[in-house]
Amino acid sequence: MTIDKTVASADEAVADITDGASLAVGGFGLSGVPIVLIDALSRGSATDLHVASNNCGTDGWGLGILLEQHRIARVVASYIGENKEFGRQYLAGELEVELTPQGTLAERLRAAGSGIPAFYTPAGVGTWVADGEMPWRYAADGSVAVTSPPKEVREFDVDGQRVPFVLELSLVCDFGLVRAAKGDRHGNLVFHRSARNFNPLAAMAGRTTIAEVEELVEPGEIDPDDVHVPGIFVHRVVELTGEQITTKHIEKRTTRENS
Numbered sequence: 001m002t003i004d005k006t007v008a009s010a011d012e013a014v015a016d017i018t019d020g021a022s023l024a025v026g027g028f029g030l031s032g033v034p035i036v037l038i039d040a041l042s043r044g045s046a047t048d049l050h051v052a053s054n055n056c057g058t059d060g061w062g063l064g065i066l067l068e069q070h071r072i073a074r075v076v077a078s079y080i081g082e083n084k085e086f087g088r089q090y091l092a093g094e095l096e097v098e099l100t101p102q103g104t105l106a107e108r109l110r111a112a113g114s115g116i117p118a119f120y121t122p123a124g125v126g127t128w129v130a131d132g133e134m135p136w137r138y139a140a141d142g143s144v145a146v147t148s149p150p151k152e153v154r155e156f157d158v159d160g161q162r163v164p165f166v167l168e169l170s171l172v173c174d175f176g177l178v179r180a181a182k183g184d185r186h187g188n189l190v191f192h193r194s195a196r197n198f199n200p201l202a203a204m205a206g207r208t209t210i211a212e213v214e215e216l217v218e219p220g221e222i223d224p225d226d227v228h229v230p231g232i233f234v235h236r237v238v239e240l241t242g243e244q245i246t247t248k249h250i251e252k253r254t255t256r257e258n259s
């Protein structure tokens, strides 16, 4: 039996993402962001989305597009900077934000794909991350409306000393949205250098994972040793056009004079 996971268009691939769906979205800054799938979502009607991603794009690009449309209700992220609208909505009480250490976010996504419901980490011990009172949502008057609950803290023996660790839950999402440099029809994916970032983790965390790929190849053309995400984690593959491949933004363009 041939398994062909390719879908004709991004719009078709995201058509069953409905109101209130949770999304694990790959990318770091603007590197490796599944912008074509996000654009397709922006043309649809799904709202009240819950997003888990390192950051939320920039103003007018990436997840920032959905933010500007007020389609995102909650974000789990490690970083707010580079997006003024993200910060504005958070402080104005229009958006719930769960800030989490970057490594913890990565492990919560990886654990979700590995069937691990929770894990202990030293990151955040002794802070609002563990003790609670992290502002998740502000009220319109600037007061804190919703705070994070306290988390379980437990001590373990580390090099002969009792060290506290905080319990973190895995982050299973309804959908994973990722961008890969290469993929085959079975869903095996390869990422290019820094664009790998959170993409493999987002792919693992989604119950249904959709990958946009810059180069679509036939099964067997990718050396198994080169596969970053095996097709078992991927359910739909969208081949990008030449224009979609080359349409990429740079957060901060830095140049210098030739010497």
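Quick note, the sequence shown lines up with residues 1 to 259 if you use the UniProt record's numbering. All C-beta atoms, glycine included, are put in the ideal place defined by N, C-alpha and C. Remember, it's a predicted structure, so these values are computed and weren't measured experimentally.
- Pairwise C-beta distances place the region 144-159 out of contact with the region 192-206, as fewer than three of them are shorter than 8 Å.
- Using a Cβ distance threshold of 7 Å, G32 and N188 do not count as a contacting pair.
- Non-local C-beta neighbours of V125 in its own chain, meaning closer than 6 Å and more than five positions away in sequence, comprise P164 and V166, ordered along the chain.
- Looking at the DSSP output, G183 bridges to L189 and L216.
- Burial check for G57: the Cβ neighbour count within 10 Å reaches 16 or more, so the residue is buried.
- Of the candidates R74, G64, G62 and R179, R74 places its Cα closest to the Cα of A52.
- The C-beta separation of R137 from V172 comes to about 22 Å, leaving the pair out of contact by the 8 Å criterion.
- The region 52-81 contains, as complete beta strand (DSSP E) runs of 3+ residues, the segments 72-77 (chain order).
- Per DSSP, T104 is one residue of the alpha helix (DSSP H) stretching across Q102 to S114.
- In the DSSP assignment, R137 falls within the unbroken beta strand (DSSP E) covering P135 to Y138.
- For A46, the closest alpha carbon among the candidates Q69, E133 and V76 is that of Q69.
- By the CB criterion at 7 Å, I210 and R185 fall outside the cutoff.
- CA-CA distance, A106 to V76, rounds to 11 Å.
- Between S22 and D174, the CB-CB gap stays under 7 Å.
- Around the beta carbon of K182, 16 or more other beta carbons lie within 10 angstroms, which makes this residue buried.
- Nearest to P135 by C-alpha distance, out of T104, L99 and R108, is L99.
- Rounded to whole angstroms, the gap between the alpha carbons of E168 and H50 is 18 Å.
- N258 counts as exposed, since fewer than 16 other C-beta atoms from the protein chains shown sit within 10 angstroms of its C-beta.
- The alpha-carbon separation between I38 and D16 amounts to approximately 14 Å.
- In the DSSP annotation of this structure, the continuous segment of the beta strand (DSSP E) that includes F156 starts and ends at V153 to V158.
- The C-beta separation of L109 from A205 comes to about 4 Å, placing the pair in contact by the 8 Å criterion.
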